[in-house]
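Visitor: Residue numbers (numbering that gives the first Met the number 0), protein chains in the order written: chain A, 0 to 231; chain B, 0 to 231.
We put the CB at the ideal spot given by N, CA and C, even for glycine.
Supplied in structure tokens, the structure appears directly below.
Protein chains: 2
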Amino acid sequence: MPESHRPDIRKLDLFSEMSDENFQSLMHASYLQTFPPQIELITEGDASDFLHVVVDGSVELFARWNNRETSVAIVRPISTFILAATLRNAPNLMSARTLEKSRVVLIPSEDVRRIFDADNNFARAIVSELASGYRASIKKTKDLKLRTSLERLANYLLRQQIREGGGPEFELQTEKKRLASYLNMTPENLSRAFKSLKPYGVEVNGSKITISNQPDLVKFARPSPLIDDKTV
Amino acid sequence: MPESHRPDIRKLDLFSEMSDENFQSLMHASYLQTFPPQIELITEGDASDFLHVVVDGSVELFARWNNRETSVAIVRPISTFILAATLRNAPNLMSARTLEKSRVVLIPSEDVRRIFDADNNFARAIVSELASGYRASIKKTKDLKLRTSLERLANYLLRQQIREGGGPEFELQTEKKRLASYLNMTPENLSRAFKSLKPYGVEVNGSKITISNQPDLVKFARPSPLIDDKTV
DNA sequence: ACGAAGGTTTGACATTTATCAATCACTGCA
DNA sequence: TGCAGTGATTGATAAATGTCAAACCTTCGT
């Protein structure tokens with residue numbers, strides 16, 4: 000893999016504490032590839048041959064069953080995906096597709112496992128990353144089981160607002176179709192849900208959201224650090 | 000902690016490969032406690048002071064939000080819970096209560112983290128356990144998002160059938176009220192869902208289930224190793 | 001054995017969410 | 001510039017799921 004993206008990858012929590020030698024060894028074995036939009040990088044059920052790192056663009060993780068499909072996560076630079084499958088040497092549970100033109104680093108799973116065995120700092124970082132992903136997944140379950148779709152949307156907007164800097168105006172950064180699937184609703188329903196949030200001070204203009212009455216929305220959404228916070 | 004349960008705990012994947020010395024050190028620092036039914040061992044949001052191991056009885060993990068409550072998992076001997084919070088030294092995301100009289104080993108989180116740093120085999124086992132739990136949680140998300148409540152019930156029955164030995168007759172091992180919450184439905188709805196499965200050969204008598212037409216039920220449920228299998 | 005308490009089931013009904021069909025709006029390209 | 005393709009919205013309707021109330025059934029302790 001070329002050198003150019005290495006410093007960015009090195010900065011990731013997952014790789015920042017490992018030895019230089021092991022990091023270079025990992026990078027040496029990996030590939031940087033550029034993909035056009037809408038390419039299915041991974042199909043669920045496939046063996047997890049590579050740990051993926053998105054360095055540019057965006058990748059959707061989704062799942063299929065019985066002719067239905069649901070969006071599980073959208074991965075943006077710079078972060079990894081499919082770590083758990085890589086470590087367990089087990090089939091991927093989700094499919095992945097590029098949403099736009101994207102660059103992805105592919106690190107052979109075998110090398111990840113080998114260096115995990117050799118580098119304690121890397122192992123520690125992996126535990127941290129896994130525990131964090133695990134907890135994020137449990138939060139998602141709580142979000143799904145404890146909230147109605149309207150409440151999920153309201154809390155999503157508050158989270159997205161924070162990610163975008165915290166101001167009253169921000170962009171969705173995701174097609175509404177995909178957002179609907181992510182929130183487990185239909186596009187029609189999402190469209191109506193936005194209208195239902197109008198009385199709480201949510202204005203929608205294309206992909207631009209304006210939250211004109213933050214306290215009211217918060218009062219309705221009741222965000223909780225045990226469901227919504229990014230870290231913790 | 001007394002010696003009696005140690006061999007059973009030692010056999011857990013999480014503890015089986017670590018050094019004797021470190022295992023004894025962990026056990027030495029921990030407590031074996033017996034709790035009556037319906038005791039809330041942990042409240043979500045609390046600091047994760049202990050890694051818990053259920054050695055007898057059963058413990059329900061559940062979550063609350065906005066005056067609602069949902070059952071997330073039921074832990075039976077011999078297994079651990081609250082591992083991710085322990086490792087990240089972060090607040091628990093779920094509450095836990097005993098369902099019956101139960102015995103639980105409490106291992107101070109601090110010791111778990113200390114020995115994780117010192118014992119590579121333990122660290123490896125922790126990664127394995129975390130990755131496995133993470134994947135189980137993603138499967139739960141897929142189950143929730145891709146299936147209707149009827150389909151969730153049908154697949155649950157097939158999984159429970161396997162856990163109970165695979166024969167056409169088996170016990171639910173869980174109150175229906177709790178099962179309903181676990182499957183994200185109301186008790187009333189669960190009761191009706193059982194009736195809806197009758198045409199597919201499901202007979203219910205109290206907590207005894209008889210699957211009289213396995214192929215039909217499987218055809219309806221369409222279980223998938225990427226959602227339903229215990230391991231993988 | 002009895003009765004209280006709580007789980008389960010049933011029926012009637014309300015709410016939420018999905019589906020289908022049509023229209024509108026936007027984007028990209030010929 | 002115009003048009004095809006796709007996403008977004010709207011209205012009408014259907015299906016899934018939740019709520020409420022009552023009856024029934026177990027369990028368990030007195």
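#1: Counting C-beta neighbours from all protein chains within 10 Å, is the total for residue 154 of chain B 16 or more, i.e. buried, or is it exposed?
#2: Of the residues that make up the stretch 102-128 of chain A, which ones have a beta carbon closer than 8 Å to any beta carbon in chain B?
#3: Residues bridged to residue 96 of chain A by DSSP?
#4: Under 7 Å Cβ-Cβ, which residues of chain A neighbour residue 223 of chain B?
#5: What does residue 74 of chain B touch in chain A if you count any residue whose Cβ is under 8 Å from its own?
#6: Would you call the stretch 122-136 of chain B and the stretch 94-106 of chain B in contact, with 3 or more CB pairs under 8 Å?
#7: DSSP puts residue 33 of chain B in a beta bridge; with which residues?
#8: Assuming residue 143 of chain B and residue 183 of chain B are in contact, meaning their beta carbons sit under 8 Å apart, how far apart are those beta carbons, in whole angstroms?
#9: By DSSP, does residue 51 of chain B sit in helix, in strand, or in coil?
#10: With residue 137 of chain B as the anchor, note down where its alpha helix (DSSP H) starts and where it stops.
#11: Taking one C-beta from the stretch 75-92 of chain A and one from the stretch 41-50 of chain A each time, how about it: are there three or more such pairs within less than 8 Å?
#12: If you check the beta carbons only, do residue 14 of chain A and residue 121 of chain A fall under 9 Å apart?
#13: Are the CB atoms of residue 73 of chain B and residue 98 of chain B nearer to each other than 9 Å?
#14: What span of residues does the alpha helix (DSSP H) with residue 72 of chain B cover, start to end?
#15: Measuring straight from C-alpha to C-alpha, what distance separates residue 125 of chain A and residue 4 of chain A?
#16: Residue ranges of each beta strand (DSSP E) run of no fewer than 3 residues wholly in the stretch 157-205 of chain B, ordered along the chain?
#17: Using alpha carbons as the reference points, say which of B/226, B/33, B/149 lies closest to residue 185 of chain B.
#18: Considering only the alpha carbon of each residue, which of B/62, B/117, B/219 lies closest to residue 146 of chain B?
#19: My output table needs one value for residue 78 of chain A: the three-state DSSP class, helix, strand or coil.
#20: What would DSSP say about residue 226 of chain B, mapped onto helix, strand or coil?
#21: In whole angstroms, what separates the C-alpha of residue 16 of chain B from that of residue 116 of chain B?
#22: Within 10 angstroms of the Cβ of residue 33 of chain B, are there 16 or more other Cβ atoms? Answer buried if so, exposed if not.
#23: Suppose the cutoff is 7 Å on Cβ atoms and the five residues either side in sequence are ignored; what does the same chain contact list for residue 21 of chain B look like?
#24: Would a check of beta-carbon distances place residue 131 of chain A closer than 9 Å to chain B?
#25: Is residue 206 of chain A near residue 171 of chain A, with beta carbons less than 9 Å apart?
#26: For residue 6 of chain B, which residues does DSSP report across the bridge?
#27: Rounded to whole angstroms, how far is the Cβ of residue 45 of chain B from the Cβ of residue 90 of chain B, which I believe are closer than 8 Å?
#28: Just how far apart, CA to CA, sit residue 56 of chain B and residue 9 of chain B?
#29: Could you work out which residues of chain B lie near residue 183 of chain A, taking near to mean beta carbons separated by less than 7 Å?
#30: Give the residues of chain B in contact with residue 83 of chain A, contact being defined as C-beta atoms less than 7 Å apart.
#31: Looking only at its own chain, which residues have a Cβ that is under 6 Å from the Cβ of residue 226 of chain A, when we skip the five neighbours before and after it?
#32: Output, in chain order, the set of chain B residues within a Cβ distance shorter than 7 Å of residue 44 of chain A.
Guide: Per the coordinate set shown:
#1: Along the second sequence, read from residue 1 onward, the residue named residue 154 of chain B stands at position 155. Counting Cβ neighbours within 10 Å, residue 154 of chain B comes out buried, since at least 16 surround it.
#2: 115, 116, 119, 122, 123, 125, 126, 127
#3: Mapped onto the first sequence, residue 96 of chain A falls at position 97. In DSSP, residue 96 of chain A forms a bridge with A/39, A/59.
#4: Along the second sequence, one-based indexing puts residue 223 of chain B at 224. Ordered by position in chain A, the residues that pass the 7 Å Cβ test against residue 223 of chain B are 64.
#5: Residue numbering aside, residue 74 of chain B sits at position 75 when the second sequence is read from its first letter. Correct list: empty, because the minimum Cβ distance to chain A is about 14 Å.
#6: no
#7: Counted from its first residue, the second sequence places residue 33 of chain B at position 34. Paired residues: B/102.
#8: Here residue 143 of chain B refers to the residue found at position 144 when the second sequence is read from its first residue. Here residue 183 of chain B refers to the residue found at position 184 when the second sequence is read from its first residue. Right, their Cβ atoms sit about 6 Å apart.
#9: By 1-based counting over the second sequence, the position of residue 51 of chain B is 52. Note: residue 51 of chain B maps to strand in three-state DSSP.
#10: For the purposes of this step, residue 137 of chain B is taken as residue 138 along the second sequence, with counting starting at 1. Taken as a continuous stretch (DSSP letters only), the alpha helix (DSSP H) holding residue 137 of chain B covers 119-145.
#11: yes
#12: The count along the first sequence starts at 1 and reaches residue 14 of chain A at position 15. The count along the first sequence starts at 1 and reaches residue 121 of chain A at position 122. Yes, the pair counts as a contact, with Cβ atoms nearer than the cut-off.
#13: Position 74 of the second sequence, counting from 1, holds the residue named residue 73 of chain B. Position 99 of the second sequence, counting from 1, holds the residue named residue 98 of chain B. It is a contact, given that the beta carbons lie within the stated cut-off.
#14: Residue numbering aside, residue 72 of chain B sits at position 73 when the second sequence is read from its first letter. Careful: residue 72 of chain B lies outside any alpha helix (DSSP H), inside the beta strand (DSSP E) at 67-74.
#15: Locating residue 125 of chain A in the first sequence gives position 126, where the first residue counts as 1. Locating residue 4 of chain A in the first sequence gives position 5, where the first residue counts as 1. Distance between the alpha carbons of residue 125 of chain A and residue 4 of chain A is about 20 Å.
#16: 168-170, 201-204
#17: Sequence index remark: in the second sequence, residue 185 of chain B carries index 186 (1-based). The candidate whose alpha carbon is nearest that of residue 185 of chain B is B/149.
#18: For this step, residue 146 of chain B is matched to residue 147 along the second sequence. If we check each option's Cα against that of residue 146 of chain B, B/219 comes out closest.
#19: Within the first sequence, residue 78 of chain A is the residue found at index 79, counting from 1. In this structure, residue 78 of chain A counts as strand in the three-state DSSP scheme.
#20: In the second sequence, counting from the first residue as 1, residue 226 of chain B sits at position 227. It is coil, neither helix nor strand.
#21: Counting from one through the second sequence, the residue named residue 16 of chain B turns up at place 17. Counting from one through the second sequence, the residue named residue 116 of chain B turns up at place 117. The straight-line gap from Cα to Cα measures roughly 15 Å.
#22: Here residue 33 of chain B corresponds to residue number 34 of the second sequence, with the count starting at 1. Label assigned to residue 33 of chain B: exposed.
#23: In the second sequence, residue 21 of chain B corresponds to position 22, counting from 1. Excluding positions up to five away in sequence, the list reads 114, 117, 118, 121.
#24: Taking the first residue of the first sequence as 1, we reach residue 131 of chain A at position 132. Yes, residue 131 of chain A lies at the interface with chain B (some Cβ there is under 9 Å from its Cβ).
#25: Translated into positions along the first sequence, residue 206 of chain A becomes position 207. Translated into positions along the first sequence, residue 171 of chain A becomes position 172. Yes; because the gap between Cβ atoms is below 9 Å, this pair is in contact.
#26: Taking the first residue of the second sequence as position 1, residue 6 of chain B is located at position 7. Its beta-bridge partners do not exist; DSSP assigns none.
#27: Position 46 of the second sequence, counted from the first residue, corresponds to residue 45 of chain B. Position 91 of the second sequence, counted from the first residue, corresponds to residue 90 of chain B. Between residue 45 of chain B and residue 90 of chain B, the beta carbon gap of about 6 Å places them in contact (Cβ cut-off 8 Å).
#28: One-based indexing of the second sequence puts residue 56 of chain B at position 57. One-based indexing of the second sequence puts residue 9 of chain B at position 10. Counting only the Cα atoms, residue 9 of chain B lies some 18 Å from residue 56 of chain B.
#29: One-based indexing of the first sequence puts residue 183 of chain A at position 184. Listed along chain B, the residues sitting closer than 7 Å to residue 183 of chain A by beta-carbon distance are 144.
#30: One-based indexing of the first sequence puts residue 83 of chain A at position 84. In chain order: 130, 133, 134.
#31: Here residue 226 of chain A is taken as the residue at index 227 of the first sequence, counted from 1. Correct list, in chain order: 138, 141, 142.
#32: By one-based count along the first sequence, residue 44 of chain A stands at place 45. Within chain B, the residues near residue 44 of chain A are 225.
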